[in-house]
Amino acid sequence: MSRWLGLALLATALSAHAAPATEKPLKLWHAYRGGEEMALIQATELFTSKTGVQVELLALPYDAYAAKLTNAIPHGVGPDVFIFNHERLRNFHAMHLVAPASGLAREDYFPNAVEALEVDGQVYGYPLSLKSLALYVNTKLVPQPPETTDALLAMLPALSDTGAGRFGLAYESGDFYFHAGFLFGFGGELFDANGRASFDTEGMARSLAFVKDLQDRRFIPQEASAALVKSLFNDGRAAMLISGPWFAGEIAPNVDYRVVGLPVVSATGIPIRPFLGVETAYVSARSERAEQAHALARFISLGEASRVRATVGRQIPADVAAYTLPEVREDTLISSFREAARHATPMPNTLEMARVWEPMKLALRAVLQGGSEPQDAGALADRRYRALHRERPPDASPLPWLGLVGAMALGGSVWVLRRPASTLPFKRRYPDVAQAVAYITPAAAGVAVLVFVPFAVGLSLSLFHHEAGEYAFVGLANFVDILASRGYSITEPLSFYFTLAVTLLWAVVNVVLHVSIGLFLALLLKDPLLKLRGVYRVLLIIPWAVPNYITALMWKGMFHRQFGAINGLLVALDLEPVSWFTRFSTAFAANVATNTWLGFPFMMVVALGALQSIPQELYEAAEVDGASKWTQFRHITLPLLRPAMLPAIILGSVWTFNMFNIIYLVSGGEPGGGTDILVSEAYRWAFQRNEQYGFAAAYSVLIFVVLLVWSAFTRRLMRSSSEVMG
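Listed below in structure tokens is the structure:
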């Protein structure tokens, strides 16, 4: 029996050794949605059918995509291939994230697409598609598209009617990506001869003045978002719009349209020249299956995959041979965007390009919101640019810090060893230690992984400077720069002290409103004679039950300058509509209103529970003694509410202090970062300002210190409260 068992085991082992190991699928990351994602799925399925290599797709949100790549690939947990626009290529190259395109043949692609992927004479990545902006025209409203800006201005008055919500032109006017074409069309430049960003130029001022005039004359909508632009065009309330090829998949079937190049600026004779982006398939420098990864990247950029991406994803292929296919050659959308791409301005793939977005956003929105004149906006962007992109601090020696850690460890050891030894053995002193360890180990492990380890990493990171994937030890330089407000005054939004003042004001105002409204509603709902009390309670808890992300987006829409419900109510009352995010006071009020809506139900529930625990006999005795309702409230209700409400207030203040979602989604820090709080400012330094992780970590440590001081104060407050209550 044992012999037969041995033979069976040997046969199993030999068969397992002979069978080829199943390869893991190649990982491909992207940020596509809709038709573009469907086309990519079909293209990778074609690759699998021809090669037998499986491909695992992962769609990521665009805002967090770059940060995930720069964090995942260096640690060997990133993709084998990823799709990204070319403007961050030098950043990826400096961080050693991308491999040279060894399988690329230049003649297969348009020359400008390949040139955009060159770094020091070496090509990185396989160009997939060209992306630029063009003019979508509703042919029923505009039979003949404008060829110049003078012709555009001549036809816009007849196509626009603010009262009816109609506009001659619509685009995301607050986004610099859409404004760049106007800048170049008016003869402006974004970079000087040395490759440094330059904002305070005549072309910049003229382009901003032109767009401001379009908005002031109500030819374009204010505070236009992608969703608003789509809605206006599909409803026939926007005769023309500026967008890219991705927008074609969002147009309603009943809309007749055509795509043409952007007009020529009459004042300069130069076409409006938008950025040209090259969507690229990059091979990760850390891919363990580089040969197959290159094969996948090349495959989805050429041949049958190009046809699928053009017809299904409505992309403009960078593949020259794709335009010999009848379905691509005869597609007017693709041919129109291909023609528009000829006049586009290639987006630089330098590190400087990543640094211009926030300063230009500040300048553009300051002009459109009336906070700055067009001729002054360039200087405003210049100041923000210099403040955001501080010079690298000098390197510091880690030896003193290592010595300090060693001294602390030695001191702790000496303190432990000098304690008098116990006369009882350890097991007799703690007979249930094994059982206690078994109980607390899961919780302790969770706290260690989720709290102590991230805290230690963040504290250590605050002593380093991060640039292009490299970390340098700089000691306390990040803290010194923050606390000294280096590069800006303490009254500017970027200052730690300004942001701290806004954060404290934000926390105090919100907590006062939460408590007062919640307590008022709890007093109303406590009345046993109130009809439908259960219905009211459910309705008033709904704001707390809905995820705050959804609530923030809803309130953001209600505060819109032209289409928001709040301004609609003001107009119905014969009041002037308010541009909520142009001034600190109104933007701050919009944030507070949203967070108050979210926060009062919690205080109401806590107060209602505490009110119901107060004996009714106390009120009856007070009435017999002739005490008024106010006296009863002041001497009975408030003292007995204090033990329940004080912990809720402390908890609510900490929540509000770090309420990131509302600030980020409602005001977005507008105007000019003035309504940002400490936690949102730390986020921007980490993920929107050239990935200054060390600086952001130092911000986070300072936030911890502020909350530590607050917790010490509240602990004393709780102690005094318990002493008063006996």
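Throughout the sequence shown, residue numbering follows mature numbering (1 follows the signal peptide of the UniProt record, and there is no 0), covering -18 to -1, 1 to 708 in sequence.
Ideal placement from N, C-alpha and C gives every residue a C-beta, glycine not left out.
Keep in mind the model is a prediction, meaning the values are calculated, not measured.
Given residue 98, which residues of its chain have a CB within under 7 Å of its CB, disregarding the five upstream and five downstream residues? Along the sequence shown, one-based indexing puts residue 98 at 116. For residue 98, where only same-chain residues beyond five positions count, the Cβ hits under 7 Å are 68, 260, 328, 331.
Bridge-paired residues (DSSP) for residue 130: Taking the sequence shown and counting its residues from 1, one reaches residue 130 at position 148. Answer is 246.
Do residue 489 and residue 610 have their CB atoms nearer than 8 Å? Residue mapping note: residue 489 aligns to position 507 of the sequence shown, counting from 1. Residue mapping note: residue 610 aligns to position 628 of the sequence shown, counting from 1. Remark: C-beta atoms of residue 489 and residue 610 do not approach each other more closely than 8 Å.
Tell me the DSSP secondary structure of residue 710 in three-state form. Outside the modelled stretch of the chain, which goes from -18 to 708, sits residue 710, for which no answer is possible.
To the nearest angstrom, how far is the alpha carbon of residue 482 from that of residue 658? The sequence position of residue 482 within the sequence shown is 500, counting from 1. The sequence position of residue 658 within the sequence shown is 676, counting from 1. Their Cα atoms are separated by approximately 9 Å.
According to DSSP, residue 104 sits in a beta bridge with which residue or residues? Within the sequence shown, the letter at position 122 stands for residue 104. The beta-bridge partner set that DSSP reports for residue 104 consists of 101.
Local Cβ density within 10 Å of residue 314, reported as buried at 16 or more and exposed below that: By one-based count along the sequence shown, residue 314 stands at place 332. In the assembly as shown, residue 314 is an exposed residue. Its beta-carbon has fewer than 16 other beta-carbons within 10 Å.
When you compare only the Cα positions, how much space is there between residue 141 and residue 213? By one-based count along the sequence shown, residue 141 stands at place 159. By one-based count along the sequence shown, residue 213 stands at place 231. Between the alpha carbons of residue 141 and residue 213 lies a gap of roughly 17 Å.
Is it a yes or a no for the stretch 270 to 287 touching the stretch 113 to 130, going by three-plus beta-carbon pairs under 8 Å? Contact between the stretch 270 to 287 and the stretch 113 to 130 is absent, with fewer than three C-beta pairs closer than 8 Å.
Pairwise C-alpha distance: residue 88 and residue 301: In the sequence shown, residue 301 corresponds to position 319, counting from 1. In the sequence shown, residue 88 corresponds to position 106, counting from 1. Spanning the alpha carbons of residue 301 and residue 88 requires a straight line of approximately 10 Å.
Report yes or no: do three or more beta-carbon pairs, one from the stretch 107 to 117 and one from the stretch 314 to 326, lie closer than 8 Å? Enough Cβ pairs lie closer than 8 Å, so yes.
Quick test of your reading: residue 263 and residue 476, contact by CB under 8 Å. State the CB separation rounded to the nearest angstrom. Walking along the sequence shown from the start, residue 263 turns up at place 281. Walking along the sequence shown from the start, residue 476 turns up at place 494. Incorrect: roughly 37 Å between the Cβ atoms, too far for contact.
Out of curiosity, what's the CA-to-CA distance linking residue 239 and residue 150? The residue given as residue 239 occupies position 257 in the sequence shown. The residue given as residue 150 occupies position 168 in the sequence shown. Spanning the alpha carbons of residue 239 and residue 150 requires a straight line of approximately 14 Å.
Which stretch, first to last residue, makes up the beta strand (DSSP E) that contains residue 429? As a first step, residue 429 is located in the sequence shown; it is residue number 447 there, counting from the start. No beta strand (DSSP E) holds residue 429; the alpha helix (DSSP H) holding it covers 415 to 429.
Going by DSSP, name the residue or residues bridged to residue 793. As shown, the chain starts at -18 and ends at 708. That puts residue 793 outside it, with no answer to give.
Bridge partners of residue 148, per DSSP? Counting from 1 along the sequence shown, the entry for residue 148 is found at position 166. Beta-bridge pairing links residue 148 to 143.
Between the beta-carbon of residue 709 and the beta-carbon of residue 509, is there less than 8 Å? This structure cannot settle anything about residue 709, because the visible part of the chain is limited to -18 through 708.
Short of 7 Å in beta carbon distance, which residues of its chain neighbour residue 200, apart from the five on each side in sequence? Order them along the chain. Indexing the sequence shown from 1 puts residue 200 at position 218. So the list reads 142, 144, once near-sequence residues are dropped.
Inter-residue Cα distance where the pair is residue 19 and residue 29: The residue you call residue 19 lines up with position 37 of the sequence shown. The residue you call residue 29 lines up with position 47 of the sequence shown. Rounded to whole angstroms, residue 19 and residue 29 show a C-alpha spacing of 15 Å.
Report the rounded CA-to-CA distance for residue 660 versus residue 581, giving the unit in angstroms. Taking the sequence shown and counting its residues from 1, the one referred to as residue 660 is at position 678. Taking the sequence shown and counting its residues from 1, the one referred to as residue 581 is at position 599. One C-alpha to the other measures close to 20 Å.
Collapsed DSSP secondary structure at residue 608 in the structure displayed: By 1-based counting over the sequence shown, the position of residue 608 is 626. Correct three-state label for residue 608: coil.
If you follow the beta strand (DSSP E) that residue 259 is in, where does it begin and where does it stop? Taking the sequence shown and counting its residues from 1, the one referred to as residue 259 is at position 277. Here the beta strand (DSSP E) through residue 259 covers 257 to 265.
Would you decide whether residue 176 is buried or exposed? Buried here means 16 or more other CB atoms lie within 10 Å of its CB. Taking the first residue of the sequence shown as 1, we reach residue 176 at position 194. Residue 176 comes out exposed.
The alpha helix (DSSP H) enclosing residue 307, as first and last residue numbers: Start at 1 with the first residue of the sequence shown, and residue 307 comes out as number 325. Premise fails: residue 307 is in no alpha helix (DSSP H) and is neither H nor E.
Neighbourhood of residue 156 by C-beta, 8 Å cutoff - its chain only, sequence neighbours within 5 removed: Mapped onto the sequence shown, residue 156 falls at position 174. Close CB contacts of residue 156 within its chain, under the 8 Å cut and outside five residues either way in sequence, are with 205, 206, 343, 346, 347, 350 (chain order).
When you compare only the Cα positions, how much space is there between residue 686 and residue 542? Sequence index remark: in the sequence shown, residue 686 carries index 704 (1-based). Sequence index remark: in the sequence shown, residue 542 carries index 560 (1-based). A direct Cα-Cα distance of roughly 35 Å separates residue 686 from residue 542.
Quick check: the Cα distance between residue 293 and residue 312, rounded to an integer number of angstroms? As a first step, residue 293 must be located in the sequence shown, where it is residue number 311. As a first step, residue 312 must be located in the sequence shown, where it is residue number 330. Here the alpha carbon of residue 293 sits roughly 11 Å from the alpha carbon of residue 312.
DSSP has residue 239 in a bridge; who is on the other side? As a first step, residue 239 is located in the sequence shown; it is residue number 257 there, counting from the start. According to DSSP, residue 239 shares a beta bridge with 120.
Identify whether residue 379 lies in helix, strand or coil by the three-state DSSP scheme. Within the sequence shown, residue 379 is the residue found at index 397, counting from 1. Residue 379 falls in the coil class under three-state DSSP.
What are the start and end residues of the alpha helix (DSSP H) that includes residue 339? On the sequence shown, residue 339 is found 357 positions in, with the first residue counted as 1. Counting along the chain, residue 339 sits inside the alpha helix (DSSP H) bounded by residues 339 to 350.
Residue interval of the beta strand (DSSP E) (run including residue 453): For this step, residue 453 is matched to residue 471 along the sequence shown. Run containing residue 453: 452 to 455, per the beta strand (DSSP E) assignment.
Assuming residue 489 is part of the alpha helix (DSSP H), what are its boundary residues? For this step, residue 489 is matched to residue 507 along the sequence shown. Segment 478 to 508, the alpha helix (DSSP H) holding residue 489.
Which whole-angstrom value describes the C-beta separation of residue 101 and residue 75, a residue pair presumed to lie in contact below a C-beta threshold of 8 Å? Locating residue 101 in the sequence shown gives position 119, counting from the first residue. Locating residue 75 in the sequence shown gives position 93, counting from the first residue. That pair is a contact at about 5 Å.
Can the beta-carbon of residue 322 be found closer than 8 Å to that of residue 251? Within the sequence shown, residue 322 is the residue found at index 340, counting from 1. Within the sequence shown, residue 251 is the residue found at index 269, counting from 1. Between residue 322 and residue 251, the C-beta spacing is not below 8 Å.
Residue closest to residue 500, alpha-carbon to alpha-carbon, out of 471, 529, 591, 555: Within the sequence shown, numbered from 1, the residue matching residue 500 stands at position 518. If we check each option's Cα against that of residue 500, 591 comes out closest.
Going by CA-CA distance only, name the one from 297, 236, 234, 168 that's closest to residue 248. Stepping through the sequence shown from its first residue, residue 248 is reached at position 266. Nearest Cα to residue 248 within the set 297, 236, 234, 168: 168.
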